[in-house]
DNA sequence: CAATTTATGTCAACCGGTTAACATATGTGG
DNA sequence: CCACATATGTTAACCGGTTGACATAAATTG
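Residue numbers (our numbering), protein chains in the order written: chain A, 158 to 482; chain B, 158 to 482.
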């Protein structure tokens with residue numbers, strides 16, 4: 158690997174001059190600039206970003222902690238984040254916490270040791286205090302941590318409300334909501350709040366199916382839904398916290414001989430790509446994932462640049478009516 | 158951020174001693190070690206990995222270039238790779254090339270500037286020469302580049318063969334294969350080779366649907382399949398190069414009133430999680446993605462450590478019979 | 001008691017850049 | 001012709017670690 162010294166030697170100029178060319182500062186003559194570029198090209202030189210990072214105390218790396226990129230929602234999110242971050246000169250280190258708090262803690266330490274400029278936390282299984290301790294820029298995805306830590310979310314309450322209202326409007330008489338662990342205090346739990354509020358207000362019987370920690374235990378979803386139907390065969394409206402769960406629900410219904418949407422109406426959440434890929438297409442509550450992802454990156458940038466950023470960032474959701482409700 | 162000097166001062170020892178403790182080399186007394194650890198703890202010190210990387214000329218970062226992590230196959234792969242890499246002390250920088258060759262080239266340059274220890278290329282849209290030029294460790298996923306560059310793949314020919322043979326065994330009389338661009342010379346194209354070989358050998362009429370570059374243009378899949386059926390309504394066996402395509406195929410069949418598997422048999426590829434999530438579950442050819450991912454990382458490690466590594470790494474596939482064929 | 005081994009320190013160089021300070025030389029405009 | 005802008009070089013410090021060379025002293029061993 159050639160260094161800046163090799164370039165300087167080859168171009169017949171000083172290291173300082175090469176650095177000046179590289180960083181466009183101070184005076185540089187056109188002829189010299191050309192000589193330097195030529196030398197760089199001939200040597201196939203590229204500046205060592207590790208050295209630069211060290212000096213600048215800025216790595217231009219963003220850490221991203223998700224439960225797992227294998228989950229379509231986080232996969233799509235990671236894709237958006239990486240793409241936008243890259244366009245802004247940032248690279249992304251991904252971490253799969255598996256929603257395991259010791260792993261999450263380790264990842265946070267690792268990211269700190271590696272001098273990332275900021276962390277986007279889409280997995281947060283630690284105590285609030287742990288996050289407050291971090292002196293580096295943090296943006297929380299879908300969770301309120303403290304008044305100091307900006308977060309990005311979408312209107313979960315409204316999403317839950319829209320979903321349940323649609324189910325009721327379509328004539329469902331017994332409804333159920335399947336969601337992740339309600340213990341992890343994520344803003345997504347507001348969907349359940351809305352679900353209960355509306356159901357109670359309308360005096361409709363409702364049930365809750367809470368999964369445990371694991372995010373992508375698909376078989377588990379099926380089991381739980383099976384259980385639900387065997388205990389409560391009258392359920393004719395299902396609201397699920399992800400489109401993956403909704404697909405699982407469709408399968409369970411099909412196995413039980415229940416037609417969707419005739420016998421059971423199903424509403425998913427997120428609007429990931431498979432939602433519109435399966436048949437019937439899934440009626441779902443769309444989160445503006447692309448905007449949320451970009452906003453997360455912009456917030457990190459803002460924090461890095463010590464600009465004022467808004468702490469609460471809640472984007473609107475949209476009910477997408479398709480085939481299952 | 159405290160530095161090693163702060164720790165030394167606080168512990169009342171020299172920087173060298175702290176470094177010795179940190180790296181476990183030379184003689185260190187138990188008492189001193191404790192003092193140093195205590196100081197580190199009190200200061201919440203973590204060594205700056207950027208500085209270490211610079212000195213060691215080793216970043217412990219692996220670059221991973223995929224078409225997009227939003228695609229379930231690459232999402233799952235990324236997840237496996239990250240998890241395994243992390244267990245081996247490596248971090249992963251993900252890059253979404255979108256199968257755009259100029260982006261891919263840019264990413265390669267970026268990764269080089271950032272001194273990654275190696276690159277796992279699961280997107281390769283560049284000329285072979287470009288990859289040969291890279292002096293850093295590269296492992297190709299599903300592509301043969303040169304005798305010098307190790308690659309990881311699964312038995313694509315066998316996979317194609319198994320799929321087609323099953324279709325024929327089940328009585329299909331007219332079959333079609335949908336695959337990505339056959340121009341990108343990926344090993345996955347051997348599936349199509351097998352498809353044609355078997356079809357010709359058995360003298361069964363067959364059709365090919367080739368998508369263009371884009372990986373996740375789901376709507377496009379549907380259109381192409383629609384076209385196929387309108388031109389060739391007799392097609393009763395579909396082999397698709399991914400489970401996503403298979404899901405799209407199921408939808409198209411359902412729209413056209415064709416029952417799966419009664420009227421049309423469908424076989425997907427990869428066995429990503431949604432394959433067993435939809436209903437009916439998709440019959441598919443399973444690639445051992447976890448092993449392939451781990452192997453990719455081990456190969457990078459081997460190259461980094463200048464150990465001899467095997468260049469050809471082809472793992473077996475498995476036909477998973479489920480509901481669609 | 002001498003020879004080792006163990007424990008720690010000092011110093012300086014190095015990794016590959018960036019940058020400030022200062023010197024010097026040429027060109028240019030008033 | 002002088003003042004100033006432009007162009008480049010030299011030197012050294014710095015970012016935060018690591019490491020080798022060498023010195024010194026105490027503890028251990030034979």
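Heads up, the beta-carbon is just placed ideally off N, CA and C, and yes, glycines get one too. Bear in mind the structure is a predicted one, so any value in this text is a computation, not a measurement.
What's the gap between the Cα of residue i and the Cα of residue j?
i	j	result
residue 299(A)	residue 243(B)	25 Å
residue 318(A)	residue 160(A)	60 Å
residue 382(A)	residue 276(A)	36 Å
residue 457(A)	residue 295(A)	7 Å
residue 222(B)	residue 273(B)	12 Å
residue 271(A)	residue 265(A)	10 Å
residue 168(A)	residue 180(A)	17 Å
residue 333(A)	residue 345(A)	16 Å
residue 449(B)	residue 190(A)	47 Å
residue 480(B)	residue 237(B)	27 Å
residue 232(B)	residue 235(A)	9 Å
residue 301(B)	residue 259(B)	20 Å
residue 199(B)	residue 253(A)	29 Å
residue 311(B)	residue 478(B)	18 Å
residue 203(B)	residue 460(A)	22 Å
residue 482(A)	residue 444(A)	18 Å
residue 447(A)	residue 230(A)	11 Å
residue 164(B)	residue 201(B)	10 Å
residue 166(B)	residue 373(A)	48 Å
residue 211(B)	residue 251(A)	22 Å
Tell me where the alpha helix (DSSP H) around residue i begins and ends.
i	result
residue 505(B)	Residue 505(B) cannot be examined here, being either before or after the span of chain B that is shown, 158 to 482.
residue 180(B)	172 to 180
residue 161(A)	161 to 168
residue 265(A)	258 to 270
residue 401(A)	400 to 412
residue 195(A)	187 to 200
residue 207(A)	206 to 213
Kindly identify the DSSP beta-bridge partner or partners of residue i.
i	result
residue 282(B)	None, per the DSSP bridge assignment.
residue 422(A)	394(A)
residue 364(A)	333(A)
residue 248(A)	218(A)
residue 277(B)	221(B) and 296(B)
residue 427(A)	443(A)
Quick check on DSSP: helix, strand or coil for residue i?
i	result
residue 343(A)	coil
residue 308(A)	strand
residue 443(A)	strand
residue 373(B)	coil
residue 253(A)	strand
residue 327(A)	coil
residue 477(B)	strand
residue 469(B)	strand
residue 378(A)	helix
residue 158(B)	coil
residue 314(B)	helix
residue 348(B)	helix
residue 183(A)	coil
residue 438(B)	coil
residue 416(B)	coil
residue 387(A)	helix
residue 433(A)	helix
residue 462(A)	coil
residue 203(A)	coil
Is it the case that the CB of residue i approaches a heavy atom of the ligand HEM more closely than 7 Å?
i	result
residue 362(A)	Questions concerning the ligand HEM fall outside what the structure shown contains, since it holds no ligand whatsoever.
Since residue i is in the beta strand (DSSP E), which residue starts that stretch and which ends it?
i	result
residue 223(B)	218 to 223
residue 292(B)	Run containing residue 292(B): none; DSSP gives neither H nor E here.
Checklist entry - Is it true that the region 172 to 180 of chain B meets the region 241 to 258 of chain A, where meeting means three or more beta-carbon pairs spaced less than 8 Å apart? => result The region 172 to 180 of chain B vs the region 241 to 258 of chain A: no contact.
Item to check | Touch test, the region 278 to 291 of chain B against the region 384 to 393 of chain B, Cβ-Cβ under 8 Å, three pairs minimum | outcome: Not touching, per the Cβ criterion.
Item to check | the region 425 to 435 of chain A in contact with the region 393 to 410 of chain B per 3-pair CB rule at 8 Å | outcome: Yes, since at least three Cβ pairs between the region 425 to 435 of chain A and the region 393 to 410 of chain B fall closer than 8 Å, the two stretches touch.
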